[in-house]
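> Quick one: structure below, then a few questions.
Protein chains: 2
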Amino acid sequence: MPSNTAFQEIPLAVIKTACSNCNLRELCLPMGLSDEEMHRLDDMVSTRKRVKRSEHLYRAGQEFDSIYAIRSGFFKTDVLLEDGRDQVTGFQMAGELLGLDGISAERHTCNAIALEDSEVCAIPFTRLESLSREIFTLQHHFHKVMSREIVRDHGVMMLLGTMRAEERLAAFLLNLSQRFTARGFSHAEFYLRMTREEIGSYLGLKLETVSRAFSRFQEDGLIAVQQKHIRILDIPGLKRLMTHHTP
Amino acid sequence: MPSNTAFQEIPLAVIKTACSNCNLRELCLPMGLSDEEMHRLDDMVSTRKRVKRSEHLYRAGQEFDSIYAIRSGFFKTDVLLEDGRDQVTGFQMAGELLGLDGISAERHTCNAIALEDSEVCAIPFTRLESLSREIFTLQHHFHKVMSREIVRDHGVMMLLGTMRAEERLAAFLLNLSQRFTARGFSHAEFYLRMTREEIGSYLGLKLETVSRAFSRFQEDGLIAVQQKHIRILDIPGLKRLMTHHTP
DNA sequence: TATCGCGGTTGACATGGATCAAGCGAATAC
DNA sequence: GTATTCGCTTGATCCATGTCAACCGCGATA
């Protein structure tokens, strides 16, 4: 339950950092920049913050002034409806950006919560805008990132609108696997940072349904589950499950 | 059914146009620009295209080079899955932008289809980028528009993930009403440009369910429906229906 | 080491929306 | 003007997922 402290300042440790020696630079905002351009980014992205597990990076309603690049860790974003219902709108990992939704109204529209101890780089948005007026590559890449977010959301809409429970979970696992791979981790074995309930919320399912689907996948030899530890045994099988629907 | 002509060129009538005397300028991209800046936009947004009812403005997979501002008419966008399933991802009306999803991969990721005879202004994207490097207001407004799209998509995810059939339809009608109002049309009376099936696809429901929900709303005195003609009789009632869920 | 509590699993049952099917009226084609 | 098709409505039935409930096990805490 969100307390009424929703808008209070949360103390976050702040550290100096730089894009130019970050090993995520090829996944993150600096992608494609020259060394000289990258150093100009360094000046802007100068503050790193630690966010402990279960702490908010920002809350819906708070004033927007920065977007955040995840340097390490894992986040979820969620939206709350007036009547108490909420939904997880995404899970974000290292190299991904948080806070793009806040640009439109100069106010965050969702909560961002760390699912494990994490570090983010704060990117003051007005400075990002002014720098991207000077560096074409940065401007263009930023536009691509925002557009990619829209495409991603369309994918989720597709999933919520047309897929059955098991298809949704298969799509979810394949997506995680693919993103872990892109970060140099095993594509077949990982720990889930989120609970069954959070997965369910994201996929538009109840936690019991998620749990049953995991068990079913295990019975069918597609995965091995033990609590949050997942081993994917049959990627083609999961893909087949996703596309092979029976109308 | 999409034919195998998916990527052929469609002849579209092209007309000269200008933002500075467009009555949608306060809703559309030029929002907030000075007269001088607006005239610089005019040079860029020089081609208007007519798209007839049921014609494609663009198709998924086509190369992306422009975004489009709707000058008049009504569109839907939809995504197709490999296995044939598809989903309507949005309905767009005058003053709204189409094609933002194409920026990320320099290729359109969905189809845009006119639901009535329409006119759009083509905005070459590289020119938009270069102009927005010069005009701060334009740059900032464009970022807001992209961000607003992300927020809108989160709203749809919420709807698909947490709402019941009647809540979804109520939300849909209220959203349309609000957008028509912003365009100076009646907020209480309008023609739906889309079929029950398209509404259902957008809302993650079958057309029969949409039809039944319309009938139910009519019985309850919330709206008057006759085919595509809708009169909203009780806005607070619809809002209550949306938020008053029983857990 | 014992206890507590949360997250997860599993079973039994309920139900909202999907599916299947029939029929009707309005638009479109002939 | 008539035929045909398409979009819509409505009814009967089915099924996937939600709901409710019991229980389990691991990790945290005393």
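First to last, the sequence lines map onto chains W and S.
Counting with this note's numbering, you get residues 6 to 252 for the letters of the first sequence.
Counting with this note's numbering, you get residues 6 to 252 for the letters of the second sequence.
All residues carry an ideal CB built from backbone N, CA and C; glycine is no exception.
Every value quoted in this text rests on a predicted model; they were computed, and no experiment measured them.
(1) Relative to the alpha-carbon of Glu111 (chain S), which residue among S:Gly78, S:Ile72 and S:Leu34 has its alpha-carbon at the smallest distance?
(2) Throw me the rounded Cβ distance for the Leu174 (chain W) and Val215 (chain W) pair, which I believe falls under 8 Å.
(3) Quick one: does Ile128 (chain S) have its CB under 8 Å from some CB of chain W?
(4) Roughly how many angstroms separate the alpha carbons of Pro252 (chain W) and Ile235 (chain S), rounded to a whole number?
(5) Rounding to the nearest angstrom, what Cα-Cα distance links Leu105 (chain S) and Glu224 (chain W) in this structure?
(6) Can you name the start and end residues of the beta strand (DSSP E) that Arg53 (chain W) belongs to?
(7) Please state whether DSSP places Lys244 (chain S) in a helix, a strand or coil.
(8) Taking DSSP as the reference, what is the three-state secondary structure of His44 (chain S)?
(9) Report yes or no: is there a C-beta of chain S within less than 8 Å of the C-beta of Cys115 (chain W)?
(10) State the CB to CB distance for the pair Gly78 (chain S) and Asp122 (chain S), rounded to an integer number of angstroms; the pair is presumed to be in contact (CB under 8 Å).
(11) Would you kindly work out how many angstroms separate the C-alpha atoms of Thr131 (chain W) and Pro241 (chain W), rounded to a whole number?
(12) So which residues of chain S does Val84 (chain W) contact, with C-beta pairs closer than 9 Å?
(13) Measuring CB atoms only, is the stretch 40-59 of chain W touching the stretch 86-102 of chain W, in the sense that at least three cross pairs come out at less than 8 Å?
(14) Please list the segments of the alpha helix (DSSP H) lying wholly inside the stretch 143-230 of chain S, counting only runs of 4 or more residues, in order along the chain.
(15) Which stretch, first to last residue, makes up the beta strand (DSSP E) that contains Leu62 (chain W)?
(16) Can you pull the DSSP bridge partners for Lys233 (chain W)?
(17) Span of the alpha helix (DSSP H) holding Leu136 (chain W)?
(18) Between which residues of its own chain and Arg157 (chain S) is the CB-CB distance below 7 Å, once the five residues before and five after are set aside?
(19) Please confirm whether Leu258 (chain W) and Arg53 (chain W) have their CB atoms less than 8 Å apart.
(20) Tell me the rounded alpha-carbon separation between Glu134 (chain W) and His145 (chain S).
(21) Which bits of chain W does Asp225 (chain S) rub up against, with CB to CB less than 9 Å?
(22) Anything in chain S within Cβ reach of Thr214 (chain W), meaning under 9 Å, just list it in chain order.
(23) Going by the CB atoms, is the gap between Val150 (chain W) and Arg76 (chain W) shorter than 8 Å?
(24) In terms of residues, what are the limits of the beta strand (DSSP E) holding Ile118 (chain W)?
(25) So what does Phe126 (chain S) bridge to, in DSSP terms?
(26) Using DSSP with H/G/I as helix, E/B as strand and the rest coil, what is Leu32 (chain S)?
(27) Between which residues of its own chain and Lys3 (chain W) is the CB-CB distance below 7 Å, once the five residues before and five after are set aside?
(28) Taking only beta-carbon atoms, is Thr268 (chain S) less than 8 Å away from chain W?
(29) Under the three-state reduction of DSSP, which class applies to Asp106 (chain S): helix, strand or coil?
(30) Could one say the Cβ of Ser109 (chain W) lies closer than 8 Å to chain S's Cβ atoms, at least one of them?
(31) Could you tell me which residues DSSP puts in a beta bridge with Gly37 (chain S)?
(32) Between Glu194 (chain W) and the rest of its own chain, which residues show a CB-CB distance below 6 Å, the 5 nearest in sequence each way excluded?
(33) Does DSSP put Gly95 (chain S) in a helix, a strand or coil?
(34) Taking the alpha-carbon of Arg64 (chain W) as reference, which of W:Ser39, W:Ile118, W:Ala170 and W:Lys211 has the nearest alpha-carbon?
(35) Could you give the DSSP three-state label for Asn9 (chain S): helix, strand or coil?
(36) Using a cut-off of 9 Å between C-beta atoms, extract the partners of Met151 (chain W) located in chain S.
Judging by the given coordinates:
(1) Ranking S:Gly78, S:Ile72 and S:Leu34 by Cα distance to Glu111 (chain S) puts S:Ile72 first.
(2) With a Cβ gap of about 6 Å, Leu174 (chain W) and Val215 (chain W) count as contacting.
(3) In terms of beta-carbon proximity, Ile128 (chain S) stays away from the interface with chain W, with every pair separated by 8 Å or more.
(4) Below a pLDDT of 50, predicted positions are generally treated as unreliable, and Pro252 (chain W), at 46, falls in that range; the measurement from the model is reported next regardless. If I take the Cα positions, the gap works out to 32 Å.
(5) Distance between Leu105 (chain S) and Glu224 (chain W), taken at the CA atoms: about 42 Å.
(6) Element bounds for Arg53 (chain W): Thr52 to Val56.
(7) Annotated three-state conformation of Lys244 (chain S) is helix, per DSSP.
(8) His44 (chain S): helix per DSSP, three-state reduction.
(9) The beta carbon of Cys115 (chain W) falls within 8 Å of a beta carbon belonging to chain S, placing the residue at that interface.
(10) Contact check for Gly78 (chain S) and Asp122 (chain S): beta-carbon distance about 6 Å, within the 8 Å limit, so the pair qualifies.
(11) So the two alpha carbons sit approximately 45 Å from each other.
(12) Proximity of chain S to Val84 (chain W) at the Cβ level (cut-off 9 Å) is accounted for by His159, Gly160, Met162 and Met163, in chain order.
(13) Taking a cut-off of 8 Å for Cβ pairs, the stretch 40-59 of chain W and the stretch 86-102 of chain W do not touch, as fewer than three such pairs fall below it.
(14) Counting only runs of 4 or more, we get 170-187, 201-208 and 212-224.
(15) Looking at the DSSP string, the run of the beta strand (DSSP E) that includes Leu62 (chain W) is His61 to Tyr63.
(16) Answer is none; Lys233 (chain W) lacks a bridge partner.
(17) Secondary structure note for Leu136 (chain W): its alpha helix (DSSP H) is the uninterrupted segment Phe130 to Glu139.
(18) There are no such residues.
(19) Beyond the ends of chain W as shown, which are 6 and 252, falls residue 258 (chain W); an answer cannot be given.
(20) Between Glu134 (chain W) and His145 (chain S), the C-alpha separation is close to 8 Å.
(21) Those within 9 Å of Asp225 (chain S) in chain W number zero; the least Cβ separation is about 19 Å.
(22) Under the 9 Å cutoff, chain S gives no residues; its nearest Cβ is about 13 Å from Thr214 (chain W).
(23) Their beta carbons are not under 8 Å apart, which means Arg76 (chain W) does not touch Val150 (chain W) by this criterion.
(24) Segment Asn116 to Ala119, the beta strand (DSSP E) holding Ile118 (chain W).
(25) According to the sequence displayed, residue 126 (chain S) carries Cys and not Phe. The partner list for Cys126 (chain S) (beta bridge, DSSP) reads S:Arg53 and S:Ala74.
(26) For Leu32 (chain S), the secondary structure class from DSSP, reduced to helix, strand or coil, is coil.
(27) This structure leaves residue 3 (chain W) out entirely; chain W is present only between 6 and 252.
(28) Nothing in the structure corresponds to residue 268 (chain S), since chain S is present only between 6 and 252.
(29) In the structure shown, the three-state DSSP call for Asp106 (chain S) is helix.
(30) It does: the Cβ of Ser109 (chain W) has a partner Cβ on chain S nearer than 8 Å.
(31) Partner(s): none; Gly37 (chain S) has no beta bridge.
(32) Correct list, in chain order: Arg236.
(33) Correct three-state label for Gly95 (chain S): strand.
(34) For the residues W:Ser39, W:Ile118, W:Ala170 and W:Lys211, the minimum Cα distance to Arg64 (chain W) belongs to W:Ile118.
(35) Residue confidence for Asn9 (chain S) is low, a pLDDT of 36 falling below 50, so the modelled location carries little weight; the figure read from the coordinates is stated next. Of the three classes helix, strand and coil, the one that applies to Asn9 (chain S) here is coil, per DSSP.
(36) At a beta-carbon threshold of 9 Å, the residues of chain S lying near Met151 (chain W) are Leu105, Ile108, Ser109, His148, Met151, Ser152, Glu154 and Ile155, ordered along the chain.
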